[in-house]
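The sequence shown begins at 341 in this note's numbering and counts up one residue at a time.
Cβ coordinates follow ideal geometry from the N, Cα and C atoms, glycine included.
Beneath this line is the structure, given in structure tokens, with notes to follow.
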Amino acid sequence: MQSAWQRFGVCSSCLKRQLSDFIKWQKGLIPGWIRSIYSETGKWERNYGLETRKKVEKWWLPRMKEQFCKTSETDKSRQKFYVLSMFPYPSGKLHMGHVRVYTISDTIAWFQKMRGMQVINPMGWDAFGLPAENAAIEHGLHPANWTHSNIKHMREQLDALGLSFSWEREITTCLPEYYKWTQYLFIKLFEAGLVYQKEAMVNWDPVDQTVLANEQVDENGCSWRSGAKVEQKYLRQWFIKTTVYAKAMLDSLSDLPEWYGIKEMQANWIGDCVGCYLDFVLKVNGKETGEKLAAYTYTPEAIYGASHLYVLPDHRLLHANSSLKEVLQSEFIPGKDCLTSVTAVNLLTNQEVPIVISAKSAFESYIDTKIGIPSTNPEDAAVAQNLGLSFSEVIETLPDGLETLINSGEFTGMTRQEALKALTQQAKNKGVGGDLTSDKLRDWLISRQRYWGTPIPIIHCQTCGTVPVPYEDLPVKLPNITTFTGKGASPLETVPEWMNCSCPRCKGTAKRETDTMDTFVDSSWYYLRYTDPHNSDRPFNKALADYWMPVDLYIGGKEHAVMHLYYARFLSHFCYDQKMTKHKEPFYKLLVQGLIKSQTYKLTTTSKYLKREEIDLTGTEPVHIKTKEKLQVTWEKMSKSKHNGIDPEELVEQYGIDTLRLYILFAAPPEQDILWDAKTDAVPGVRRWQSRLWSLVTKLIEARTSSTVPNPQLLNKKEKAEAKKIWEQKNLVVSEVTSYFTKDYLFNAAISRLMGLTNVLSQASQPLILHSAEFEDALATLCIMVAPMAPHIASELWKGLAHVQNKLCTNHKWDDDVLHQSWPKVDPEYLQQPDIIEMSVLINNKACGKVSMPRQVARNAEEVHELILQSELGIKHLQGRPIKKTFLSPRTALINFLLQE
């Protein structure tokens, strides 16, 4: 027999704790009777105010982390879901962009867990890089101390947001146990012939004393970080031959789903892969110089018709440490095509052709050396004719229009397409080029002349040349430098006891490479390390990588959708070719989130950005308090320098974790920018929704703690019809929200639909709340669907529902917390009934009712238009009125009629 307390939904343990506190209060042992939440006291608070919200989040935050965030050992019999958000640089402070991307990944992780998937949602730190080294120089700290201190703080910030990361998989790229394997992959690339060193013109930052990628130089030719005017200079640099994989990476884009325009950006970045590079050795006065040169041709099949090699006036042969520099400079006349005494021997065909310095200052795209083939290029023919260069015609057109090769050695008689395939394959087999690539791509320059990066595992020996560090000697650890000046060449050159070493081959004296790697190398394979983060024998276990890969959903900013994505795809293709993985492509779906922008205020006269306390916002237009000057107001990405940043911790304190999460998800679809303005309807709207959810659970608790025992048979015909509508609405919302979570990740639309279900339940009559299983089930289902987005309030709401007495639904695991519930499915009976939906009708953007129609019709604008006009609603509101335009929503059941005034 139930006790009176049990009938009122209070568990005995909570009651004992509550009575104990009451007795202590009476004895004066505690200062006052503090009302608290149900999970803590067994007493339900009727209103979800500020105090209750704080208590709910304080209670559930550690419990969620403890109970739900740990991933067990990989069970390969279960279906997996790998959600990955781009890992951050540990700057020491989260910004709203971090909050947005990690809220999205956290929501999807919870959703997929509730669907029964085995989920990982890992987090780590892109911890090498120039900012930490600059901070060390500025503050007299070691970059490691700076970095690890920032990581500790940022991890605390992430935990404070209730994010369910798989923390046992955490990686940090500046730790030797990670960069050991970055070095291992570098050596694999070196052994595959995909790493080389050459002199190249680079972007040199004179302040940060390092090389910059083109993308790190702004439109004014200044460094993106220091602001210094970038210099062009020649340095001996390390490169990775990413161009070798260009064609494979371009072709495999077609195997991937739509990436919100990013596939097109990748394809455009790579370019049309129609030509290739071929290798030549250089000669002067008939003698080989020992130097090699790779030159590009758009028509490799016509290589036997080459007349010359064409180089630009700023080519490294004329300016770097080349033995040919003086000869070429003496023969160069600006503005003219200059025939030189230097010749080049094709390592595939053994043909010898002269080098010509071009009159042009630039060729197409990024190439600086190309092969002149008069048979296929009129410009090349003109140069050859003007300079009196001999060449062979190699293309013959047959009467049927088919083009075949002549005067082309073993390739003679082949069609151009056949010759292209055969010749490039032979070049690849001989290791002298031949990989189809575009003229837009250059190989990946990875050298950085700084300390805080992965050491390049190469030893330079005068006898043996360039020698990779043996695998068993990895990692090559960074020496402990305590003083940073930011001046001179690589800081590693200041540590002779580290730099001087023995050659692993001949055991003679040698020197270590002092350049470190671009941090993009660290992030080009981190997604694979997450699959097996503690492996000390190899970068990752193939079986684990094959199970978890590819990443099912990769989430990050659009600014990383070209370079980082290109490098990550390259390393994945390489690992596939090395039989380290079974998947070529690393990421299946990509979700690119927009920026969070805030208003900036700057002076028109000086373009100086102002702080909020410097601005008078009381008038019709903002003005500078000091000078009364009117200000330029724009929406820009949040930034400290622009004084428009918002501290996530302040927002959590002001609004709470769940409100912040819901706002982030509700304000706009993920790919769109959010214009942050807390005065808009979004923040108050999601706060009101949370209060309405709390009110619904309160109504059910109070109804079921009355003396009346619930009995569905007591409902009258009208109430039963109302219950059926709730059941139909619940099933429709389950179907739509599940679709939003799995297809386009339209969380704003999902929240909208859940708000709609909340409104339907809020209108339920008292008898329905008391006696209806449909109301109880719909409310429980609503809480479950809210949980991935607002887990704290949903967890507390579920506790309240779970302790309601005389429950009518048995299809939920009431003893388990809400995040352990199964994601709702549409009831089979609902699927068997006629597929009817309710189409919301708007007239001039104002809602005026709904019209039922078959689901299969609901996506046809013309049919929907006609059905609405013929309906009772259409006859009443639209008949005889001129319709200017009709808009049928592609994502929700909604149509908007715009009428002429």
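Can you tell which of the options has the C-alpha that lies nearest to the C-alpha of residue i?
i, options, result
"Ala908", "Lys817, Ser864 and Ser1112", "Ser864"
"Val1181", "Gln1172, Gln1173 and Met1193", "Met1193"
"Glu853", "Gly897, Val1144 and Ile786", "Ile786"
"His482", "Thr822, Thr871 and Phe914", "Thr822"
"Asn461", "His479, Ala472 and Val441", "Val441"
"Leu991", "Trp399, Lys970, Arg656 and His435", "His435"
"Thr447", "Gln1173, His1205 and Ile997", "Ile997"
"Phe927", "Arg576, Glu571, Ser592 and Pro546", "Ser592"
"Thr629", "Gly615, Thr639 and Lys665", "Lys665"
"Ser1105", "Arg418, Lys587, Lys1060 and Asn717", "Lys1060"
"Tyr574", "Ala721, Gln766, Ala660 and Cys616", "Ala660"
"Pro1107", "Glu1062, Leu1137 and Ser1079", "Glu1062"
"Asp877", "Leu814, Leu1171 and Thr944", "Leu814"
"Val423", "Val1144, Ala449 and Val439", "Ala449"
"Gln789", "Arg845, Asp855, Glu812 and Lys977", "Asp855"
"Thr806", "Gln766, Glu925 and Pro844", "Pro844"
"Thr336", "Trp465, Ser715 and Val1126", "The requested residue 336 is not part of the displayed model; the chain covers only 341 to 1241."
"Lys453", "Ser1162, Ala762, Leu1218 and Val547", "Ser1162"
"Val932", "Leu679, Lys405 and Ile895", "Ile895"
"Gln725", "Leu760, Pro797 and His648", "His648"
Please report how far the alpha carbon of residue i lies from the alpha carbon of residue j, in whole angstroms.
i, j, result
"Trp792", "Lys1186", "59 Å"
"Arg1199", "Ala1007", "25 Å"
"Ile1176", "Asn608", "44 Å"
"Pro873", "Leu1000", "31 Å"
"Met1129", "Ser705", "46 Å"
"Glu517", "Asn875", "9 Å"
"Gly372", "Thr381", "Below a pLDDT of 50, predicted positions are generally treated as unreliable, and Gly372, at 37, falls in that range; the measurement from the model is reported next regardless. Near 15 Å, if we compare the C-alpha coordinates of Thr381 and Gly372."
"Asn490", "Lys433", "7 Å"
"Val584", "Val651", "22 Å"
"Gln802", "Ala850", "7 Å"
"Glu1042", "Met426", "46 Å"
"Gln297", "Gly934", "Because the chain spans 341 through 1241 in this model, residue 297 falls outside it and cannot be assessed."
"Trp599", "Val723", "44 Å"
"Pro795", "Thr744", "50 Å"
"Arg1093", "Val1073", "6 Å"
"Glu1202", "Ala1089", "24 Å"
"Lys1224", "Glu1169", "41 Å"
"Pro1010", "Gln458", "24 Å"
"Ser670", "Ile695", "14 Å"
"Pro1230", "Gly389", "37 Å"
"Gln537", "Val861", "16 Å"
"Trp507", "Thr764", "47 Å"
"Gln1103", "Pro1164", "23 Å"
"Arg576", "Leu1002", "51 Å"
"Ala532", "Asp740", "44 Å"
Per DSSP, which residues does residue i bridge with? Please list them.
i, result
"Tyr422", "Ile460"
"Val557", "Ser563"
"Ile936", "Ile1014"
"Ala1008", "According to DSSP, which records beta bridges pairwise, Ala1008 is partnered with nothing at all."
"Asn543", "Leu552 and Gln572"
Can the beta-carbon of residue i be found less than 9 Å from the beta-carbon of residue j?
i, j, result
"Ser778", "Ile936", "no"
"Asp1017", "Trp1067", "no"
"Val614", "Tyr638", "yes"
"Val809", "Ile580", "no"
"Leu1040", "Phe1115", "yes"
"Leu971", "Lys951", "no"
"Val621", "Ala684", "yes"
"His1132", "Gly502", "yes"
"Thr513", "Tyr916", "no"
"Phe1087", "Leu1148", "no"
"Leu618", "Leu687", "yes"
"Tyr302", "Lys416", "In this structure the chain extends from 341 to 1241, so residue 302 is not present and cannot be described."
"Ser1135", "Met404", "yes"
Quiz item: Curious, which full-length beta strand (DSSP E) runs of at least 3 residues does the stretch 680–749 contain?
Solution: 692–697, 709–712, 735–737 and 743–745
Self-check item: Segments of 4+ residues assigned as alpha helix (DSSP H) that fall wholly inside the stretch 795–880
Solution: 836–839, 859–862 and 866–869
Quiz item: Going along the chain, which unbroken runs of the alpha helix (DSSP H) with 4 or more residues stay wholly within the stretch 597–678?
Solution: 602–610, 656–659 and 665–671
Quiz item: Which ranges would you report for the alpha helix (DSSP H) in the stretch 429–508 if only whole runs of at least 4 residues count?
Solution: 436–454, 470–479 and 483–500
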